[in-house]
Each structure stands twice: as structure tokens, then as C-alpha cells.
Amino acid sequence: MFASKKIVTAAAMLVAAAGAAHAADLPARVAPAPYVAPLPVFTWTGAYFGINAGAAFDNKQEFTTTANRSDGIGNTRFSDSGFSAGGQIGYNYELQGFGGGFGGPGSGIVIGFEADAMYMDTDKSINTITNGGTASFRSGLDFLGTARGRLGYAFNTFLIYGTGGFAYGDVNSRVVSVYNGSTDIQRQSGFTTGYTYGGGIEYALPTGSFLNFFHSSAVTLKAEYLRYELDSSNLNDSSVNTVNLQPGLKVKNEGNIARIGLNYKF
0 MFASKKIVTA
10 AAMLVAAAGA
20 AHAADLPARV
30 APAPYVAPLP
40 VFTWTGAYFG
50 INAGAAFDNK
60 QEFTTTANRS
70 DGIGNTRFSD
80 SGFSAGGQIG
90 YNYELQGFGG
100 GFGGPGSGIV
110 IGFEADAMYM
120 DTDKSINTIT
130 NGGTASFRSG
140 LDFLGTARGR
150 LGYAFNTFLI
160 YGTGGFAYGD
170 VNSRVVSVYN
180 GSTDIQRQSG
190 FTTGYTYGGG
200 IEYALPTGSF
210 LNFFHSSAVT
220 LKAEYLRYEL
230 DSSNLNDSSV
240 NTVNLQPGLK
250 VKNEGNIARI
260 GLNYKF
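Be aware that the sequence shown starts at 0, since it is given in numbering that gives the first Met the number 0, and climbs by one per residue.
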């Protein structure tokens, strides 16, 4: 009986040892890692609207004669600077992955269209001495609008682009010349068309940025340069004294705008 107890004890110890060895071979139980959702890839596709403000510089007004004038007024050109402010609307479409995906996920070619309208603070006058008299030139651009295409490349939340298209502006010009005791007044006021081109960079602001008052990934900040050139316009003679009218004048406006803008994308 004593021998039987030894056998049973030995068998129990053997079973326990085998169980421990098997348990050691089992993989350790580890709690699963918490799920982390992948970060969304930003896209430039969508409509947007925004505001802009900047500097208008080296804005040239060029007066040219349409015929020889006996009062000695020839070609006259001067420039001024000021500021611009306005708003814009537009639409972008990003060709995801097009262009080899250079720059990583969310990078691709972006095509779009933008229209804007700006108040322009550009107005200057100069006085000259002519052959036998004096002349006063004044010209300014009160308003400028553009309708442009855009083509660029996006590096996820960063976009670099070129732009170009149609421009129109509200030009106000006047020339007052005094010759041999007679005063000749010529004016031009109204819309004039032309073209514009330029480029810029745009960046989607982080939701925590102080400029991102919407706290949305759809707010972008841009810096842009535009060159505009408006066609020549004839000045109309409005003199009361029609005895000594002089041949007419033309005026042409062109200039540059450097500005920043803030857009909200739908």
C-alpha cells in the first residue's frame, strides 16, 4: 500500500511537470494595441471664397498723343503706389496621384479657376510746362477685377501655382492743358479691359492656428503676385472753348499687386 502511494505521488508530480512545461510553450497573452485611425489626406478639391489685401506698386499711367499737338504735349508717363483690398471666389480640382505622387500621399496636380474684385488706391497728378503753356495730368485706377485660371502642384497641404487670364478696371484720367490763353480738357472714365498673370503659394492652416478662426482643415492662407496690363483708352475732349481744340490723347494703365489672402474651402 505504501508502494502504491509512492506510485500515485510520482505520477501526480509527472503530470504537474508536464503541464508546466506545456504552459511555458504557450504564447504570452498581451492586451491588444488601441486602434488609431489613419490621418485623413488633405485634398484641394472644392469651391472656396475669401478676402485679400496687399500693396499696389509701380502702377504706370502712360499718356500718348494720337497726332502732333501744337501745345507741345508729347508722351507722358508716371507711376504711383497704393494699396488694394477685396475678395475672391474660386474652385480647385486636385488630380490625386497624377504626376507620380511626387511629394507623398495627397500630392498631385491642381487645376482651378478664380475670380476676384479689388478696391485700388492708386491716384496721382503731375504738372508739366509745355511749348507755350502748361499741362496737368491726373490718372488713377479705382477698381480692378480679374477672372483667371490656376495650375499648380500640391504637396499635401502646400500648393504652388501659376495663374493668368482676363482683367478689367475702372480708370479715371484727365488732362488739362493751357495754350495761348485757351484751356483744353480731356477725360476718360469707365471700364477698360486687359490681361493679368502671376503666381503664388497657398497653405492649409492647422486647426490650432490663431488665423484659423473656423478651427477647420478647410482654411488656407495664400501669398500672391499679379501683373496687370489694361488696354489704351481714348480721352474725350470736354472743353467749353472749341476754337483751339487739340488732337486727342490715349491713356494706358499697368501695374503690379503683391497681396495675401485667406480662403475658406467648402
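Cβ atoms here follow ideal geometry from the backbone N, Cα and C, with glycine treated the same way.
Environment of Ala22 [buried if 16+ CB atoms lie within 10 Å] | Any reading at Ala22 must be qualified, since the residue scores a pLDDT of 48, below 50, and its modelled position is unreliable; the value itself is stated next. Per the 10 Å Cβ criterion, exposed.
Measure the C-alpha to C-alpha separation of Asn91 and Ser135 and round it to an integer number of angstroms.
-> So the alpha carbons of these two residues sit roughly 47 Å apart.
Quick one: what's Ile270 bridged to in DSSP?
-> Nothing can be reported for residue 270, as the shown portion of the chain is limited to 0 through 265.
In the DSSP assignment, what residue or residues form a beta bridge with Asn91?
-> In the DSSP output, where bridge partners are listed per residue, Asn91 has Gly45, Gly111.
Look up Leu341 in the DSSP assignment and give the residues it is bridged to.
-> Nothing in the structure corresponds to residue 341, since the chain is present only between 0 and 265.
Span separating the alpha-carbon of Thr191 from that of Gly260 | Taking the straight line from one Cα to the other gives about 25 Å.
Throw me the rounded Cβ distance for the Gly254 and Ala55 pair, which I believe falls under 8 Å.
-> About 6 Å separates the two Cβ atoms, so the contact holds.
What residue from Gly81, Ser69, Gly85 has the CA that sits closest to Asn130's CA?
-> Residue nearest to Asn130 within the set Gly81, Ser69, Gly85 is Ser69 (criterion: CA-CA distance).
Own chain partners of Ser268 with C-beta closer than 8 Å, once the 5 adjacent residues on each side are dropped | Residue 268 is absent from the model: the chain starts at 0 and stops at 265.
With 16 other CB atoms within 10 Å as the buried threshold, where does Asn74 fall?
-> The residue is exposed, with fewer than 16 neighbouring Cβ atoms inside 10 Å.
If we ignore side chains and look at the alpha-carbon of each, how far apart do Gly247 and Leu229 end up?
-> Going by the C-alpha atoms only, they are around 19 Å apart.
Which residues DSSP lists as bridging Phe62, in chain order = DSSP, once it has assigned bridges, lists Thr75, Val250 as partnering Phe62.
Burial state of Leu25, where buried means 16 or more other Cβ atoms lie within 10 Å | Because Leu25 sits at a pLDDT of 47, beneath the cut-off of 50, its placement in the model cannot be relied upon, and the point is left open.
Excluding sequence positions up to five away, which residues of its chain have a Cβ less than 7 Å from the Cβ of Ile72?
-> Here the set comprises Thr64, Thr129, Ala134, Ser176.
Give me whichever residues DSSP pairs with Ala146 in a beta bridge.
-> In the DSSP output, where bridge partners are listed per residue, Ala146 has Ala114, Phe165.
For Leu225 versus Gly197, is the C-beta spacing smaller than 7 Å?
-> Yes; because the gap between Cβ atoms is below 7 Å, this pair is in contact.
Near Thr288, which residues of its chain fall below 6 Å by C-beta distance, leaving aside the five closest residues on each side in sequence?
-> The question about residue 288 has no answer, for the chain in this structure spans 0 to 265.
Is Gly151 near Val109, with beta carbons less than 7 Å apart?
-> It is a contact, given that the beta carbons lie within the stated cut-off.
Under the three-state reduction of DSSP, which class applies to Ala55: helix, strand or coil?
-> Here Ala55 sits in strand by DSSP.
Does DSSP classify Phe265 as helix, strand or coil?
-> Three-state result, Phe265: coil.
State the DSSP-derived secondary structure class of Ala134, mapped to helix, strand or coil.
-> If DSSP states are grouped into helix, strand and coil, Ala134 belongs with the strands.
Enclosing beta strand (DSSP E) for Thr219 [first to last residue] | DSSP places Thr219 inside the beta strand (DSSP E), whose first and last residues are 218-229.
Cβ neighbours of Thr42 in the same chain (closer than 6 Å, five flanking residues each side left out) = In chain order, Glu93 place their CB closer than 6 Å to the CB of Thr42, counting only its own chain and leaving out the 5 sequence neighbours on each side.
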